[in-house]
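First the structure, in the form of structure tokens, and then the observations on it.
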Amino acid sequence: MRPKYSLIFHEAQQPVTQLITKFGGQPTWLTIPQWPLSRATGIPMRFIGQIALGPEIFGHIAGRMAYLFLTDDEEIFVDNTFDPEGGENAVIIQPGICEIPTQPLATGPTLYKMVNAPSGMTLIPVSCEFTVAVSPGEDPDVIVEDEHAHATDEAWKAFTAQGEEIKIGGTPAFVQGPEFPEGTNWQLLLQLDSANLPFYVNFGDAGVGYAFLSEDGTRGKFLWQGL
112 MRPKYSLIFH EAQQPVTQLI TKFGGQPTWL TIPQWPLSRA TGIPMRFIGQ
162 IALGPEIFGH IAGRMAYLFL TDDEEIFVDN TFDPEGGENA VIIQPGICEI
212 PTQPLATGPT LYKMVNAPSG MTLIPVSCEF TVAVSPGEDP DVIVEDEHAH
262 ATDEAWKAFT AQGEEIKIGG TPAFVQGPEF PEGTNWQLLL QLDSANLPFY
312 VNFGDAGVGY AFLSEDGTRG KFLWQGL
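With this note's numbering, letter number 95 in the sequence shown gets 206, and the count goes up by one each step, no holes.
Structure representation (structure tokens):
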């Protein structure tokens, strides 16, 4: 079994500056800021969130904080945000190994949610920030879509719920079949179901994002799968 934390979001009323898990706002850097740049445009990616790498989930590894970024520009369409090697997403580990272009920016583009405009006729983006409450649990070592294993209605409901889960650690519940970054043995860092988030992220059509952590806890990768 693999330990995990299921997440519940709480919108912050003040900027969060502690070295804790949060989404949106501005990153609280553990060391020197390392803001990743889009390969296509050269502009800073959008900050999605930061995850504290606690030993209860990840063991005693080198990394202490992970920072997730995604290219997202309202005026310029950029492809390959789903690709862990596409240069349009990044998981920065501190302390850790960074293999992509970055700038020492303390602040930059951040997470947003869509709200009604004053006219009530359209939706507009508004910056937001969320802390999380966690619920400890465990996942099986492998989550497989198998007609026999999920033959009953109750078993199938339990299986599909794993794909909608928002969690730190545990086992990835892939929506399009197993897909891991190339190279070393990767463990799941974060799973985000875009259809069940209180903020906006572009993972295609109701997609799910998966951040991964290397076995030694020094490198991170990200990918997403759409339905």
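Glycine residues also receive a C-beta, built at the ideal position from the N, C-alpha and C atoms. What you are looking at is a predicted structure, and each value in this text was computed from that prediction instead of being measured.
Residues bridged to residue 58 [DSSP beta-bridge criterion]: Lying before the first or after the last residue shown, residue 58 is absent from the chain, which here runs from 112 to 338.
Buried or exposed for residue 226, going by 16 or more other Cβ atoms inside 10 Å? By one-based count along the sequence shown, residue 226 stands at place 115. So residue 226 counts as exposed.
Given residue 118, which residues of its chain have a CB within under 7 Å of its CB, disregarding the five upstream and five downstream residues? The sequence position of residue 118 within the sequence shown is 7, counting from 1. So the list reads 243, 245, 277, 278, 279, once near-sequence residues are dropped.
Return the CA-CA distance between residue 190 and residue 155, expressed in angstroms with no decimal places. Position 79 of the sequence shown, counted from the start, is the residue given in the question as residue 190. Position 44 of the sequence shown, counted from the start, is the residue given in the question as residue 155. When rounded, the distance between both Cα atoms is 15 Å.
Under the three-state reduction of DSSP, which class applies to residue 277: helix, strand or coil? Within the sequence shown, the letter at position 166 stands for residue 277. The three-state secondary structure of residue 277, taken from DSSP, is coil.
Pick from 213, 335, 237, 326 that is closest to residue 348, judged by C-alpha positions: The chain is shown only over 112 to 338; residue 348 falls outside these bounds and no answer can be derived.
Under the three-state reduction of DSSP, which class applies to residue 244: helix, strand or coil? Reading the sequence shown from its first residue, position 133 is the one you call residue 244. Looking at residue 244 - three-state DSSP - the assignment turns out to be strand.
Could you pull the DSSP bridge partners for residue 237 from this structure? For the purposes of this step, residue 237 is identified with residue 126 of the sequence shown, where counting begins at 1. DSSP lists 224 as partners of residue 237.
How would you call residue 200, buried or exposed, if buried means at least 16 neighbouring beta carbons within 10 angstroms? On the sequence shown, residue 200 is found 89 positions in, with the first residue counted as 1. Per the 10 Å Cβ criterion, buried.
Taking the straight line between their C-alpha atoms, what separation do you get for residue 193 and residue 159? The residue given as residue 193 occupies position 82 in the sequence shown. The residue given as residue 159 occupies position 48 in the sequence shown. Rounded to the nearest angstrom, the two C-alpha atoms are 14 Å apart.
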